[in-house]
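From first to last, the protein sequence lines are chains R and Z.
With numbering that gives the first Met the number 0 applied, the first sequence covers 0 to 223.
With numbering that gives the first Met the number 0 applied, the second sequence covers 0 to 223.
There are 2 protein chains.
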Amino acid sequence: MGRKEHSMEEKELRRGYIIDAAERVFFSIGYENASMDKVAREAGFTKKTIYMYFNSKVQIYFEIMIRGYRLLITMLEANFKEKKQGNAMDELRTIFLSFYQFSQECAPYFKAIMEYETKDCDQYTGVEDAAIDECYQLGERIFGYLSKSLDRGKEEGSVRGELDSEKTALILWAFTVGVFNTRERKKDYLKAYHNISSEEFMTDSFYMMMHLIAVKGEVEHERK
Amino acid sequence: MGRKEHSMEEKELRRGYIIDAAERVFFSIGYENASMDKVAREAGFTKKTIYMYFNSKVQIYFEIMIRGYRLLITMLEANFKEKKQGNAMDELRTIFLSFYQFSQECAPYFKAIMEYETKDCDQYTGVEDAAIDECYQLGERIFGYLSKSLDRGKEEGSVRGELDSEKTALILWAFTVGVFNTRERKKDYLKAYHNISSEEFMTDSFYMMMHLIAVKGEVEHERK
DNA sequence: ATTTTGAGTAAACTATTAGTATACTTAAAA
DNA sequence: TTTTAAGTATACTAATAGTTTACTCAAAAT
Numbered sequence: 000m001g002r003k004e005h006s007m008e009e010k011e012l013r014r015g016y017i018i019d020a021a022e023r024v025f026f027s028i029g030y031e032n033a034s035m036d037k038v039a040r041e042a043g044f045t046k047k048t049i050y051m052y053f054n055s056k057v058q059i060y061f062e063i064m065i066r067g068y069r070l071l072i073t074m075l076e077a078n079f080k081e082k083k084q085g086n087a088m089d090e091l092r093t094i095f096l097s098f099y100q101f102s103q104e105c106a107p108y109f110k111a112i113m114e115y116e117t118k119d120c121d122q123y124t125g126v127e128d129a130a131i132d133e134c135y136q137l138g139e140r141i142f143g144y145l146s147k148s149l150d151r152g153k154e155e156g157s158v159r160g161e162l163d164s165e166k167t168a169l170i171l172w173a174f175t176v177g178v179f180n181t182r183e184r185k186k187d188y189l190k191a192y193h194n195i196s197s198e199e200f201m202t203d204s205f206y207m208m209m210h211l212i213a214v215k216g217e218v219e220h221e222r223k
Numbered sequence: 000m001g002r003k004e005h006s007m008e009e010k011e012l013r014r015g016y017i018i019d020a021a022e023r024v025f026f027s028i029g030y031e032n033a034s035m036d037k038v039a040r041e042a043g044f045t046k047k048t049i050y051m052y053f054n055s056k057v058q059i060y061f062e063i064m065i066r067g068y069r070l071l072i073t074m075l076e077a078n079f080k081e082k083k084q085g086n087a088m089d090e091l092r093t094i095f096l097s098f099y100q101f102s103q104e105c106a107p108y109f110k111a112i113m114e115y116e117t118k119d120c121d122q123y124t125g126v127e128d129a130a131i132d133e134c135y136q137l138g139e140r141i142f143g144y145l146s147k148s149l150d151r152g153k154e155e156g157s158v159r160g161e162l163d164s165e166k167t168a169l170i171l172w173a174f175t176v177g178v179f180n181t182r183e184r185k186k187d188y189l190k191a192y193h194n195i196s197s198e199e200f201m202t203d204s205f206y207m208m209m210h211l212i213a214v215k216g217e218v219e220h221e222r223k
């Protein structure tokens, strides 16, 4: 059985190499412009071999996105540990700042996640259920942090008591997707038509969301 | 010159017929699944003829979206006239309710607009500048209503005075896109994982946004 | 030592589709 | 009666997801 395990490990490694190569291709010329021939050439394998490891092009996209989700969660958890915050509002701030940090430092992964968040769901044909499930699980984990911090804030009295933490977390996530999406797609529009930089837009949107959940007076001091 | 005008009119008519046919095709099987051959067959013309009227597939998509924007603005303006509201908060409510009404009654147009709002901007190759410009103009017009109502609310004292109307309007639009997008893409997820209907999600998101802009106490009575 | 097998290669093939080109018809304007 | 614009029919190009076929080769099994 030792040999089989060994070959399994090798397979996993090779799977990883192919995803690495696909990342290089997708991130440099974009998913739509990337052909499977290019991915195969970059990986140093035949297209046939690629299709032995992955069902479809979109399956590889999912694997890359899952890497992104994992990175985001790692970053989020690292920030949580580092900050050692007591206040729930600080926790919420940490969450949003982690999203922002991730969007800056892991821009291509972030873009992939945002595209997934705004993509038609019926385009998942060709993706293994396991991968779709994992995406949900990872999304739920992030959602859990948001929801838990809101709960803590309600106990503390820093978050408005009348809010339902679960629903509020979902709505905040929807708002956040909208904000990041707008920054991504309409950056030039914001600058040209409204003379607003994307940083300013992000900062203000973030402040709005904090204001939204905070008990009156709890967030005022943040305004610079 | 009368003949030339006449033939121009005919051309415009035929252009419209082609867009009608493309709508039927796109709305029934989706933009991605629709081929130009299908559009041509549905329109009763040759593909060549279609390409005499439109540069590209995505150009036709834009024309359809522009129709959608116009419909939305018509609906918005009709609601404004009908309601004859005095309060600026009522106006803002009318704007959001018009979006909601439009999303329900003109679902396919709405979907097209939402897809555009969340689509990569560098995928506009093959679209005439005139069409892109018109989209911006129409977007700006809707934005203007939002921004103007916020201004009025500030004067009246129903909207928080410290908000910048222009920036707030942009952020609200980003939030709105996020909310509608989430409803569209994650409907099943909301129900299955969080037992929240899409109506409840919409209502609560809407309430959040109203709370966000309102002076304390101004919006409380709305909660059922 | 010899055979079998699995994982790979090379390269051709299918099917679809955006967009173009060529050669023609036809009805109306000149 | 001739010219022209707008259309038709049809075949084409180029790209690309995904498949198939015939092969190679090293390692495992016998």
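Backbone N, C-alpha and C define an ideal beta-carbon position, used for all residues, glycine too.
R:Glu133 does not reach chain Z, its nearest Cβ partner there being about 14 Å away, counting only Cβ pairs nearer than 7 Å. Residue contact check for Z:Thr117 against chain R: a CB pair falls below 8 Å. Under the DSSP assignment, R:Leu189 falls in the alpha helix (DSSP H) whose first and last residues are Ser164 to His193. Rounded to whole angstroms, the separation of the alpha carbons of Z:Ile141 and Z:Arg92 is 14 Å. Contact of R:Ala173 with chain Z is assigned, a C-beta pair being separated by under 8 Å. Separation of the CB atoms of Z:Phe179 and Z:Met113 is rounded to 6 Å, and the pair is thereby assigned contact status at 8 Å. In this structure, the straight-line span from the alpha carbon of Z:His193 to that of R:Glu165 is close to 8 Å. For Z:Glu31, there is no enclosing alpha helix (DSSP H), as DSSP gives it neither H nor E. By the rule that beta-carbons nearer than 8 Å mark a contact, Z:Glu198 does not touch chain R. With three or more CB-CB distances shorter than 8 Å, the stretch 121-135 of chain Z counts as touching the stretch 50-65 of chain Z. Straight through space, the alpha carbons of R:Arg182 and R:Met201 are spaced by roughly 8 Å.
An exposed status is given to R:Glu9, since fewer than 16 other beta-carbon atoms sit within 10 Å of its beta-carbon. Sixteen is the threshold: since fewer than 16 other Cβ atoms of the shown chains lie within 10 Å of the Cβ of R:Ala77, the residue is exposed. When DSSP states are grouped into helix, strand and coil, R:Val214 belongs to the coil group. By the criterion of a C-beta distance shorter than 7 Å, Z:Ser196 is surrounded in its chain by Lys190, once the five residues flanking it on both sides are discounted.
One finds Glu116, Thr117, Ala173, Val176, Gly177 and Asn180 in chain Z with Cβ atoms closer than 9 Å to the Cβ of R:Asn180, taken in chain order. Sequence-ordered contacts of the stretch 28-53 of chain Z with chain R are nonexistent [C-beta pairs closer than 7 Å].
Around the beta-carbon of Z:Tyr135, fewer than 16 other beta-carbon atoms lie within 10 Å, marking it exposed.
Taking the C-beta atoms as reference points, R:Phe61 is found nearer than 8 Å to R:Ala130.
Residue contact with chain Z for R:Lys215: present (Cβ-Cβ distance below 8 Å to some residue of chain Z). Chain-ordered listing is empty here: chain Z has no CB closer than 7 Å to the CB of R:Met64, the nearest sitting near 14 Å.
CA-to-CA, the gap between Z:Ser27 and R:Lys80 works out to about 50 Å. DSSP, read as helix, strand or coil, puts R:Val126 in coil. Taken atom to atom, the span from the alpha-carbon of Z:Ala106 to that of R:Ala111 is near 27 Å. For a Cβ distance threshold of 9 Å, nothing in chain R lies close to Z:Asp150: the least Cβ distance comes to about 15 Å. Closer than 8 Å to the CB of R:Leu12 there is not a single CB belonging to chain Z. Pairwise C-beta distances place the stretch 63-73 of chain R in contact with the stretch 11-25 of chain R, as three or more of them are shorter than 8 Å. Rounded to whole angstroms, R:Asn32 and Z:Met7 show a C-alpha spacing of 38 Å. DSSP lists Z:Ala213 as the bridge partner or partners of Z:Val158.
Comparing C-alpha distances from R:Thr73 to each of R:Lys82, R:Gly85, R:Leu145 and R:Ser97 shows the shortest one belongs to R:Ser97. For R:Asp203, the closest Cβ of chain Z is nearer than 8 Å.
Listed along chain Z is no residue with a C-beta nearer than 9 Å to that of R:Lys56; the closest approach is about 14 Å.
DSSP places Z:Cys134 within a helical segment (H, G or I) once states are collapsed to three. Between Z:Ile94 and Z:Ile212, the alpha-carbon positions lie close to 14 Å from each other. In the three-state reduction of the DSSP assignment, Z:Phe95 falls in the helix class, which pools H, G and I.
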